[in-house]
Amino acid sequence: DAMVIQNPRYQVTQFGKPVTLSCSQTLNHNVMYWYQQKSSQAPKLLFHYYDKDFNNEADTPDNFQSRRPNTSFCFLDIRSPGLGDAAMYLCATSSPGTSGARETQYFGPGTRLLVL
Amino acid sequence: AQSVSQHNHHVILSEAASLELGCNYSYGGTVNLFWYVQYPGQHLQLLLKYFSGDPLVKGIKGFEAEFIKSKFSFNLRKPSVQWSDTAEYFCAVNGNNAGNMLTFGGGTRLMVKP
């Protein structure tokens with residue numbers, strides 16, 4: 001089945017130790033997103049790639065970076081995780097239709113990050 | 117800028133009760149509207165969506181939502197809930213001039229008592 005895959009499902013890191021979360025998709029969608037979802041809150045968009053074009057949200061901290069080496073893969077790098085970065089990180093994909101914004105985002109299962 | 121408001125943060129119902137979850141949005145142009153559900157320990161799944169046409173949209177698992185443009189609302193309904201509907205429900209908006217941006221409401225946590 002076509003899907004959005006996130007690895008690992010759970011990640012534990014130490015305060016200040018860089019960590020990378022990965023996302024892959026078999027949907028061949030050209031847009032990939034990273035969201036941060038803290039407990040009992042709505043997902044918050046960090047950034048997205050439209051093909052190779054990177055789009056950062058204005059309030060996304062510099063501590064968060066992303067890479068998209070090809071259509072299928074997208075990585076979230078947290079350079080120096082703080083305790084406040086503990087959250088669920090969601091990857092999503094979409095493929096805009098001819099009218100541009102008419103698209104559905106498909107979410108992966110998320111990676112829960114714990115910072116010790 | 118677009119924004120979404122979900123008024124009920126927590127809802128507790130008994131099985132077979134009817135459900136209505138409120139969602140209001142703020143956006144000056146044409147919108148696309150979504151309801152996502154997140155079951156405990158699972159990922160966000162699309163319940164239903166509205167792009168255009170019939171404002172009453174039917175989704176999976178017996179859910180439906182009605183787009184009322186004059187009220188900027190897209191409330192989610194189900195005539196008879198089941199214990200398995202226990203989950204968190206998110207309303208989301210994508211404005212046609214907002215590119216790919218999907219803005220989520222704060223979510224409503226539904227608990228259905230058996």
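In order, the protein sequence lines correspond to chains A and B.
Quick note on my numbering: the first sequence kicks off at 1 and runs consecutively.
Quick note on my numbering: the second sequence kicks off at 117 and runs consecutively.
Here a beta-carbon is modelled for each residue, glycine too, at the ideal position from N, C-alpha and C.
In this text, all values refer to a predicted model and were calculated from it rather than measured experimentally.
- So what does DSSP say about A/Leu46, is it helix, strand or coil? Here residue 46 of chain A refers to the residue found at position 46 when the first sequence is read from its first residue. Strand.
- Taking all protein chains shown into account, do 16 or more other C-beta atoms lie within 10 angstroms of the C-beta of B/Val147, making it buried, or fewer, making it exposed? Stepping through the second sequence from its first residue, residue 147 of chain B is reached at position 31. That one is buried.
- Okay, do the stretch 134-151 of chain B and the stretch 191-207 of chain B touch, 3+ Cβ pairs below 8 angstroms being the bar? yes
- Query: For A/Leu83, does the three-state DSSP call read helix, strand or coil?
  - Reply: Along the first sequence, read from residue 1 onward, the residue named residue 83 of chain A stands at position 83. Helix at A/Leu83.
- Task: Check each candidate in A/Phe107, A/Ile78, A/Phe47, A/Asn63 and name the one with the smallest Cα separation from A/Leu113.
- Result: Taking the first residue of the first sequence as position 1, residue 113 of chain A is located at position 113. Checking every option, the nearest Cα to that of A/Leu113 belongs to A/Ile78.
- Query: B/Gly144 versus chain A: which residues are under 8 angstroms apart at the beta carbon?
  - Reply: Position 28 of the second sequence, counted from the start, is the residue given in the question as residue 144 of chain B. Ordered by position in chain A, no residue passes the 8 angstroms Cβ test against B/Gly144, which lies about 14 angstroms from the chain.
- Rounded to a whole number of angstroms, what is the C-alpha to C-alpha distance between B/Phe167 and A/Gln14? Along the second sequence, read from residue 1 onward, the residue named residue 167 of chain B stands at position 51. Along the first sequence, read from residue 1 onward, the residue named residue 14 of chain A stands at position 14. Going from the Cα of B/Phe167 to the Cα of A/Gln14 covers about 44 angstroms.
- Message: Taking the beta carbon of A/Leu110 as the centre, do at least 16 other beta carbons fall within 10 Å, making it buried, or is it exposed?
- Response: Your numbering for residue 110 of chain A matches position 110 in the first sequence. First, the residue type needs correcting, since residue 110 of chain A is Gly and not Leu in the sequence shown. Answer is buried; the Cβ neighbour count reaches 16.
- Message: Can you pull the chain A neighbours of B/Leu162, defined as C-beta to C-beta under 9 angstroms?
- Response: Taking the second sequence and counting its residues from 1, one reaches residue 162 of chain B at position 46. Simply Thr104, Gln105, Tyr106, Phe107.
- If you draw a straight line from the alpha carbon of A/Phe54 to that of B/Glu131, how long is it in whole angstroms? Taking the first sequence and counting its residues from 1, the one referred to as residue 54 of chain A is at position 54. Taking the second sequence and counting its residues from 1, the one referred to as residue 131 of chain B is at position 15. Whole-angstrom Cα-Cα distance: 46 angstroms.
- Task: Count the other C-beta atoms from every protein chain shown that fall within 10 angstroms of the C-beta of B/Gln122, then say buried if there are 16 or more, exposed otherwise.
- Result: Taking the first residue of the second sequence as position 1, residue 122 of chain B is located at position 6. Classification of B/Gln122: buried, given that the 10 Å Cβ count is 16 or more.
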